[in-house]
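So the sequences go chain by chain: Z and B. Counting in this note's numbering, the first sequence runs from 1 upward without gaps. Counting in this note's numbering, the second sequence runs from 274 upward without gaps. Ideal Cβ placement from N, Cα and C applies to all residues, glycine included. The model shown is predicted, which means the values in this text are computed figures rather than measured ones.
There are 2 protein chains.
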Amino acid sequence: MAPPMYHQIADDLREQIESGKLAPGAQLPTELDLRERYGASRNTIRDAIKRLISLGLVETRPGQGTYVVQKIDPFVTTLTGSPEAGRAEDSSAVYLSEVGKEGRRATVSTPRVEVQPAPAEVALRLRAAPGTQVVSRHQERYIGGIPWSLQTSFYPLEFVTSGKASLLLVAEDMVEGAVKYLEEVMGIKQVGYRNWITARTPDDTEQKFFRIPHDSTVFEVFRTSFDQSRSPIRVTVTVYPADRNQLIVNVGEVPDPMYDQPKPEQSCVAPAP
Amino acid sequence: MAPPMYHQIADDLREQIESGKLAPGAQLPTELDLRERYGASRNTIRDAIKRLISLGLVETRPGQGTYVVQKIDPFVTTLTGSPEAGRAEDSSAVYLSEVGKEGRRATVSTPRVEVQPAPAEVALRLRAAPGTQVVSRHQERYIGGIPWSLQTSFYPLEFVTSGKASLLLVAEDMVEGAVKYLEEVMGIKQVGYRNWITARTPDDTEQKFFRIPHDSTVFEVFRTSFDQSRSPIRVTVTVYPADRNQLIVNVGEVPDPMYDQPKPEQSCVAPAP
DNA sequence: GCAAATTTGTTCGTATGTATT
DNA sequence: CAATACATACGAACAAATTTG
Chain Z
1 MAPPMYHQIA DDLREQIESG KLAPGAQLPT ELDLRERYGA SRNTIRDAIK RLISLGLVET
61 RPGQGTYVVQ KIDPFVTTLT GSPEAGRAED SSAVYLSEVG KEGRRATVST PRVEVQPAPA
121 EVALRLRAAP GTQVVSRHQE RYIGGIPWSL QTSFYPLEFV TSGKASLLLV AEDMVEGAVK
181 YLEEVMGIKQ VGYRNWITAR TPDDTEQKFF RIPHDSTVFE VFRTSFDQSR SPIRVTVTVY
241 PADRNQLIVN VGEVPDPMYD QPKPEQSCVA PAP
Chain B
274 MAPPMYHQIA DDLREQIESG KLAPGAQLPT ELDLRERYGA SRNTIRDAIK RLISLGLVET
334 RPGQGTYVVQ KIDPFVTTLT GSPEAGRAED SSAVYLSEVG KEGRRATVST PRVEVQPAPA
394 EVALRLRAAP GTQVVSRHQE RYIGGIPWSL QTSFYPLEFV TSGKASLLLV AEDMVEGAVK
454 YLEEVMGIKQ VGYRNWITAR TPDDTEQKFF RIPHDSTVFE VFRTSFDQSR SPIRVTVTVY
514 PADRNQLIVN VGEVPDPMYD QPKPEQSCVA PAP
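Okay, here's the thing in structure tokens:
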């Protein structure tokens with residue numbers, strides 16, 4: 001009934017990491033060293049390391065070695081801004097556990113603007129037929145130089161073909177915010193929005209941009225905005241790598257979230273007795 | 274620069290699964306069959322299958338074979354109920370994409386009640402010193418017989434030592450809801466709460482209960498409830514396996530979410546040109 | 001109920017390729 | 001270029017779980 005050897009080796013290394021015996025950033029012994037240390041074959045050692053990778057505890061660098069991951073202070077995004085808010089919700093809502101830390105300002109790439117058929121999940125939320133043409137605005141977002149999220153907003157094509165909101169096609173950041181702009185030129189007022197949160201593995205683009213392994217996890221948040229008549233006016237899809245992002249949802253009256261900023265820890269749900 | 278063979282094999286099988294050539298529930302050819310089909314060694318075939326597992330496309334059953342996963346209709350939980358609501362928020366907020374489907378009622382185990390030192394993340398949120406004794410109430414929750422979530426609520430021990438809320442120690446489901454009970458016996462009114470959402474890999478208990486692999490993903494939602502004086506009165510930790518759960522956050526006025534219930538699809542963020 | 005056949009899980013050894021120093 | 005370290009791939013053997021005869 002003994003667990004397999006590569007489990008035991010992984011557990012032993014995990015304990016060393018979590019106890020601090022192997023500090024963040026430190027290099028693990030090479031696979032050949034571990035092979036001797038544990039009296040196992042190299043393949044078995046590699047199986048153990050694969051488990052540590054899937055736990056997010058270590059990373060391997062070809063030609064260099066295996067290293068204990070440096071967990072960065074997570075970015076925390078509040079999803080419940082005021083319904084009228086244009087863009088301030090996102091960037092201003094990023095709290096950092098080390099307050100006043102330098103070099104962590106949010107920056108955004110210039111958007112890539114396209115007219116394309118709406119992906120199925122977007123068409124559904126815009127209540128449009130599958131394949132309907134829409135305007136998409138795609139941006140890469142960083143905090144303190146670290147890849148933070150990938151965001152794409154989709155608008156009905158009528159907004160621009162009607163000639164009223166042609167600025168949506170300009171590949172420049174909308175500093176004032178798209179919500180405010182749409183209200184000014186079209187009289188469309190955002191009265192609410194819904195966030196739909198899922199988790200999945202990253203695609204190739206996301207793996208490269210965030211530099212995360214293929215079997216890691218990303219949050220995918222679909223935000224559908226609605227106007228006075230309860231019609232969808234925009235769908236924004238934001239992808240956050242789960243290893244460096246957390247989400248906050250406030251309901252009713254709550255104190256400032258800086259109160260209870262946790263440190264990275266393990267589970268705290270009581271196990272069975 | 275060709276991708277390694279186990280990538281190509283995995284991609285080929287993935288295409289067959291996503292095209293429907295290999296239907297959900299169907300058995301893949303055995304490893305020995307695939308070994309001949311692709312002219313690779315068994316270990317290489319197994320590496321390819323491991324990739325499909327991490328994508329959540331297949332599962333292996335020792336002694337039986339490898340099967341295409343049957344994705345169940347996801348459970349969708351709305352995190353933004355009314356601040357005063359006691360328990361109705363959770364169970365009533367589970368929408369199902371196939372409306373009226375039978376056998377999908379939410380059921381809850383009788384709680385396991387303990388007095389224990391607060392885990393670090395809980396103590397922090399209750400603004401108590403680390404290790405402070407708290408009352409914990411732990412429940413297993415199912416929908417239609419399927420393990421849905423594990424929930425543990427933590428209350429300050431003073432609530433019971435003061436003699437006012439001794440029902441918190443009774444190992445029975447609080448049908449009326451704990452929030453309503455606390456208001457009745459202690460005059461504590463919940464005016465708001467905050468959900469703090471993270472993602473991580475499951476621990477042993479969660480792997481067994483949800484029957485998910487060790488490298489899969491769970492949502493961990495910390496809900497801190499606050500009273501009139503902005504003091505925390507309860508911390509509820511809920512763990513949802515990400516393969517069958519999605520979360521909704523409503524802000525402002527939004528239409529009924531049944532409108533845009535998506536089907537399981539892949540990413541819809543436009544890749545780089 | 002048991003034995004045999006089937007299928008995946010673990011472990012070893014070895015060789016070669018690729019990335020980094 | 002050489003040395004080092006991880007990545008890929010092959011072959012083989014036995015163990016453990018499940019189904020079948």
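- In this structure, B/S498 lies near B/Y466, with their beta-carbon atoms less than 7 Å apart.
- In this structure, Z/L168 places its C-beta atom within 7 Å of the C-beta atom of Z/V160.
- Under the Cβ distance rule, Z/Y193 counts among the residues neighbouring chain B, one pair being separated by less than 7 Å.
- In this model, Z/P62 and B/T474 are separated by some 25 Å (Cα to Cα).
- For Z/V218, the pairing in a beta bridge is given by DSSP as Z/R200, Z/P241.
- Taking the Cβ atoms as the reference, B/V464 lies roughly 18 Å from B/A438, outside the contact range of under 8 Å.
- Taking 7 Å as the threshold, the shortest C-beta distance from Z/L247 to chain B falls below it.
- Relative to the Cα of B/T350, the nearest Cα in the group B/I461, B/L430, B/I416, B/R503 belongs to B/I416.
- Annotated three-state conformation of B/L520 is strand, per DSSP.
- Bounds of the alpha helix (DSSP H) holding Z/A120 are 120-125.
- By the criterion of a C-beta distance shorter than 7 Å, Z/T30 is surrounded in its chain by G65, once the five residues flanking it on both sides are discounted.
- Nearest CB-CB separation between B/R410 and chain Z: not below the 7 Å threshold.
- Closest option to B/V342, judged by alpha-carbon separation, among B/L295, B/V386, B/T509: B/L295.
- One finds nothing in chain B with a Cβ atom closer than 8 Å to the Cβ of Z/L182; even the nearest lies about 15 Å away.
- For Z/T66, the enclosing beta strand (DSSP E) has its first and last residue at 65-68.
- The count of Cβ pairs closer than 8 Å, one atom from the region 133-150 of chain Z and one from the region 105-113 of chain Z, reaches three, so the stretches are in contact.
- For Z/P232, the CB contacts under 8 Å within the same chain, skipping 5 residues up- and downstream, are R125, L126, R127, T224, S225, F226 in chain order.
- For Z/A123 and Z/G163, the gap between their C-alpha atoms comes out near 22 Å.
- Shortest Cα-Cα distance from Z/G56 to any of B/D488, B/L330, B/S355 involves B/D488.
- Shortest Cα-Cα distance from Z/Y181 to any of Z/T198, Z/E253, Z/Y155 involves Z/Y155.
- No Cβ of chain Z is located within less than 7 Å of the beta carbon of B/W421.
- Close partners of Z/L28 in chain B (Cβ separation under 7 Å) are lacking, with about 19 Å as the shortest Cβ gap.
- The beta carbon of Z/V170 sits closer than 8 Å to the beta carbons of V113 from its chain, once the five residues preceding and following it are set aside; these are given in chain order.
- Sorting Z/E18, Z/I45, Z/A242, Z/N250 by C-alpha distance to the C-alpha of Z/E220 places Z/A242 at the top.
- For Z/S162, none of the residues of chain B pass the 9 Å Cβ criterion, the least Cβ distance being about 23 Å.
- In the structure shown, B/D500 falls within a strand segment according to DSSP collapsed to helix, strand and coil.
- Z/V249 and B/D320 have their C-alpha atoms some 39 Å from each other.
- Counting only Cβ-Cβ distances below 9 Å, B/I470 has contacts in chain Z at L79, I197, F219, Q246, L247, I248, V249, in chain order.
- Counting every other CB atom within 10 Å of its CB across the protein chains shown gives Z/E18 a total below 16, marking it as exposed.
- Rounded to whole angstroms, the separation of the alpha carbons of Z/D204 and B/A275 is 16 Å.
- In the three-state DSSP reduction, B/V452 falls in the helix class (H, G or I).
- Along the region 378-394 of chain B, going in chain order, the ones with a CB nearer than 8 Å to a CB of chain Z are R385, E387, Q389, P392, A393, E394.
- The three-state secondary structure of Z/T205, taken from DSSP, is helix.
- The Cβ neighbour count for Z/R51, taken over all protein chains shown within 10 Å, is at least 16; the residue is labelled buried.
- Per DSSP, Z/S82 lies in no beta strand (DSSP E) segment and is marked neither H nor E.
- Within the DSSP secondary-structure output, B/I326 pairs in no beta bridge.
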